[in-house]
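4 protein chains.
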Amino acid sequence: MAHAAERFAEQGYHATSVSEIVRGLGVGKGVFYWYFDSKEQLFLEILRDAQTDLRRRQQQAIGDEADPVRRIELGLRTSMAWAEAHRDHNKLIELAATDRNFVGALRRGQDIAVADVVKHVKEAIASGRIRDADPDVLAHAMVGVVGHLTRVYIYDRGEPADSIADVAVAFCLDGLGITPAS
Amino acid sequence: MAHAAERFAEQGYHATSVSEIVRGLGVGKGVFYWYFDSKEQLFLEILRDAQTDLRRRQQQAIGDEADPVRRIELGLRTSMAWAEAHRDHNKLIELAATDRNFVGALRRGQDIAVADVVKHVKEAIASGRIRDADPDVLAHAMVGVVGHLTRVYIYDRGEPADSIADVAVAFCLDGLGITPAS
Amino acid sequence: MAHAAERFAEQGYHATSVSEIVRGLGVGKGVFYWYFDSKEQLFLEILRDAQTDLRRRQQQAIGDEADPVRRIELGLRTSMAWAEAHRDHNKLIELAATDRNFVGALRRGQDIAVADVVKHVKEAIASGRIRDADPDVLAHAMVGVVGHLTRVYIYDRGEPADSIADVAVAFCLDGLGITPAS
Amino acid sequence: MAHAAERFAEQGYHATSVSEIVRGLGVGKGVFYWYFDSKEQLFLEILRDAQTDLRRRQQQAIGDEADPVRRIELGLRTSMAWAEAHRDHNKLIELAATDRNFVGALRRGQDIAVADVVKHVKEAIASGRIRDADPDVLAHAMVGVVGHLTRVYIYDRGEPADSIADVAVAFCLDGLGITPAS
DNA sequence: AATGAATGAGTATTCATTCAT
DNA sequence: GATGAATGAATACTCATTCAT
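Protein chains in written order, with this note's numbering: chain V, 2 to 183; chain G, 2 to 183; chain H, 2 to 183; chain S, 2 to 183.
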């Protein structure tokens with residue numbers, strides 16, 4: 002799966018053939034179909050693992066932090082750090098977004114991720130720390146910021162995740178209309 | 002080109018065959034190759050037209066507005082309105098981002114679009130209206146917000162562009178650290 | 002036809018499209034089909050003209066020469082000179098030999114050409130100037146010599162026709178078992 | 002390869018489709034591309050094998066014959082016998098001569114074959130058995146005789162190789178200006 | 001468990017030919 | 001006489017998937 006993820010990330014789903022994947026591993030085609038029903042299922046499996054892994058990292062990072070705003074910040078930073086460390090898997094997530102066959106599975110995972118953020122946002126709104134707006138939209142806005150900045154700065158321009166994360170966090174927290182913790 | 006854009010948007014580039022495009026138009030396969038050198042060139046042509054059109058709309062919308070912050074806001078709103086009216090073309094732009102063959106052409110167009118925004122941001126920073134940060138990153142952050150909210154709310158959930166644009170604008174302007182015009 | 006002959010000679014029959022022929026002439030496709038029923042018929046027409054022209058040249062060259070051996074020699078030399086001057090048409094003749102659709106037409110012309118030579122050979126045999134062998138075979142042997150030497154020396158190596166013709170004639174006349182005219 | 006050679010010989014290279022080749026063998030199209038990179042490569046492979054085989058036969062036939070003139074004669078006879086037994090492969094050689102894509106490969110093989118003959122001719126000239134002329138031209142003249150007589154008499158008219166070989170040999174040896182071995 | 005030869009539907013593209021203008 | 005847009009059958013080639021070994 003790691004090898005396949007690499008190939009998919011580099012060349013896209015269609016441009017990567019099963020032949021190429023197994024050749025790169027030095028195994029026969031039969032063994033591929035022993036473990037996976039189809040190329041599509043392989044992709045979905047990698048995708049699910051990626052989403053699961055990202056979520057676990059975020060939960061670890063947030064730990065038992067009490068401040069919801071701080072939790073949001075940790076989530077954003079973890080996203081970018083994870084994306085930097087897992088280029089291939091993150092590329093797969095982008096890939097899945099533009100393919101009819103995968104967009105469903107992708108969304109299921111993303112809904113969960115967004116729900117996590119929404120929880121923190123709601124809490125912060127309740128305590129007056131964040132301007133009163135639709136928490137769902139706010140969460141998605143942050144997802145958009147982090148995703149795009151990752152793509153442009155970390156992937157395309159090769160900048161370090163944490164320096165760009167500083168700007169992303171500043172933009173997002175301001176965008177949420179944060180009032181400093183009293 | 003309109004019909005092809007529709008098919009590409011719906012099914013993706015690879016899943017849409019030349020056969021299908023011409024069949025849907027009730028014409029022969031040869032006529033396709035009379036007008037386009039290849040399926041790839043067709044896609045690129047549609048992509049370029051889409052990017053050109055979006056940019057023209059933005060320039061029209063901004064007109065000769067003097068306030069840079071207001072120009073940014075108009076740009077954001079126009080993006081979302083255009084995306085709502087041109088679902089297919091916007092989908093194509095998303096598609097292009099995940100395909101090696103198109104990402105180059107896409108980026109060329111996007112660099113121009115971002116440069117437009119960066120100009121306004123720089124001006125606003127110079128006049129102290131926006132927090133002093135890398136204008137390039139700020140512009141990209143806004144692109145991320147608008148793109149993602151469009152995808153999720155306008156496309157997937159079918160909400161009207163202007164109501165979601167209000168939230169997007171609020172998030173972005175706050176994210177820029179705007180100080181109200183004195 | 003001259004232009005088409007050139008293209009066919011250079012690229013072969015299949016590799017030369019009707020589009021290319023008319024484009025090179027700056028005319029539309031319609032006019033092509035006004036003058037010719039098909040690409041195949043065009044080829045056959047050029048072929049027939051080429052064979053006719055070669056034969057006329059040979060008859061002119063031979064004139065009313067009385068000596069049959071001398072007539073043979075003149076025929077051989079004229080063949081090579083003509084091939085040098087009409088590279089394209091000669092190439093077409095070679096091309097026709099390997100294509101089912103043209104080999105029939107080609108053979109009809111070649112049979113006539115060979116018959117001309119056979120006449121001289123028979124006469125020379127009758128007068129004891131040439132060894133008594135099947136005149137048909139002898140004629141074909143000479144056709145083989147001239148054709149192949151033309152291909153190799155005149156076309157591929159660009160040598161002048163008359164110098165190579167000297168050797169070809171010597172080989173052929175000796176091959177016929179000529180006894181010097183008494 | 003045998004089946005493909007047959008189809009190519011009968012219909013020509015372009016008129017023979019990969020589909021037809023595999024259909025005739027009762028196998029799928031994929032298996033063709035498992036063994037060959039392309040239709041072109043298949044043709045080249047058959048061509049090379051044919052040329053290699055012909056040369057081996059000639060070398061076997063000549064053995065350690067001491068007389069260069071006799072070696073030439075054996076070479077000529079072997080050529081015609083081989084052509085009779087390998088109609089398809091010989092046709093392919095003719096086909097290759099008129100196709101830009103194959104003429105290079107063809108020539109490489111033919112240069113070797115001619116070089117073999119030239120060696121014998123040179124030796125015979127040195128010992129005064131053959132008239133002093135360019136041995137290269139003489140060799141090519143014989144190639145022309147044998148090739149053409151094969152085409153006309155063995156292939157088109159179905160005559161036995163050895164009877165026509167007698168005439169070809171007589172013509173060629175006379176053409177070389179042979180003086181009987183003293 | 002594993003191989004890799006075999007399948008065949010599917011793809012992009014070409015090109016001789018037609019015909020409304 | 002002439003144009004060139006339109007046709008569609010045909011072509012070489014790919015690749016996810018199967019299955020006898």
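Glycine included, every Cβ here is placed at the ideal spot set by N, Cα and C.
A direct Cα-Cα distance of roughly 15 Å separates residue 70(S) from residue 142(S). Each residue's CA atom was taken as its position, placing residue 36(G) and residue 29(G) some 12 Å apart. Annotated three-state conformation of residue 172(V) is helix, per DSSP.
In chain order, 69, 70 and 131 place their CB closer than 6 Å to the CB of residue 125(H), counting only its own chain and leaving out the 5 sequence neighbours on each side.
In the DSSP assignment, residue 25(H) falls within the unbroken alpha helix (DSSP H) covering 19-26. Against chain S, the CB of residue 141(H) has a partner CB under 8 Å away; the residue lies at that interface.
Using a Cβ-Cβ cut-off of 9 Å, residue 101(G) is close to 11, 12, 13 and 16 of chain V, given in chain order. In the three-state reduction of the DSSP assignment, residue 99(S) falls in the coil class, being assigned neither a helical nor a strand state. Rounded to the nearest whole angstrom, the CA to CA distance from residue 66(S) to residue 72(S) is 6 Å. Within a 10 Å sphere around the beta-carbon of residue 60(H) sit fewer than 16 other beta-carbons, which makes this residue exposed. Residues 8 and 9 of the same chain have their beta carbon placed closer than 7 Å to that of residue 17(H), with the five preceding and five following residues left out of the count. Sequence-distant Cβ neighbours of residue 154(S) in its own chain, meaning closer than 6 Å and more than five residues away, are 160 and 165. Identification of residues in the stretch 85-109 of chain H having a C-beta nearer than 7 Å to some C-beta of chain S yields 95, 96, 99, 100 and 101, given in sequence order.
Listed along chain V, the residues sitting closer than 9 Å to residue 134(G) by beta-carbon distance are 168, 171 and 172. Between the stretch 77-97 of chain V and the stretch 165-174 of chain V, the count of C-beta pairs closer than 8 Å reaches three or more; the two stretches touch.
In terms of beta-carbon proximity, residue 121(H) stays away from the interface with chain S, with every pair separated by 8 Å or more.
Annotation: residue 109(H) to residue 174(H) spans about 26 Å, alpha carbon to alpha carbon. As the crow flies, the alpha-carbon of residue 102(S) is around 12 Å from that of residue 15(S).
Taking the Cα positions, residue 31(H) is about 19 Å away from residue 6(H). No Cβ-Cβ contact shorter than 8 Å links residue 77(H) with residue 99(S). Boundaries of the alpha helix (DSSP H) around residue 74(G): 69-86. Contacts with chain G at 8 Å (Cβ-Cβ) do not include residue 55(V). Rounded to whole angstroms, the separation of the alpha carbons of residue 26(G) and residue 133(V) is 50 Å. Burial state of residue 22(G) is buried, judged by a 10 Å Cβ sphere holding 16 or more other Cβ atoms. Look at residue 117(V): its C-beta is not under 8 Å from any C-beta on chain G. Across the set 19(H), 89(H), 2(H) and 136(H), the C-alpha of 136(H) shows the shortest separation from the C-alpha of residue 120(H). Between residue 118(G) and residue 140(G) the beta-carbon gap is near 4 Å, inside 8 Å, which marks them as a contact. In the three-state scheme derived from DSSP, where H, G and I count as helix and E and B as strand, residue 179(V) is classed as coil. Cβ-Cβ separation between residue 138(G) and residue 149(V): approximately 10 Å, too far for a contact (criterion under 8 Å). In the assembly as shown, residue 4(H) is an exposed residue. Its beta-carbon has fewer than 16 other beta-carbons within 10 Å. Here residue 113(S) is exposed: its Cβ has fewer than 16 other Cβ atoms, across all protein chains shown, within 10 Å.
Put simply, of 58(G), 74(G), 93(G) and 179(G) the residue whose alpha carbon is nearest the alpha carbon of residue 152(G) is 93(G). Closest option to residue 47(H), judged by alpha-carbon separation, among 122(H), 90(H) and 180(H): 90(H).
Taken atom to atom, the span from the alpha-carbon of residue 156(V) to that of residue 24(G) is near 40 Å. A straight-line Cα-Cα distance of about 10 Å links residue 45(H) and residue 52(H).
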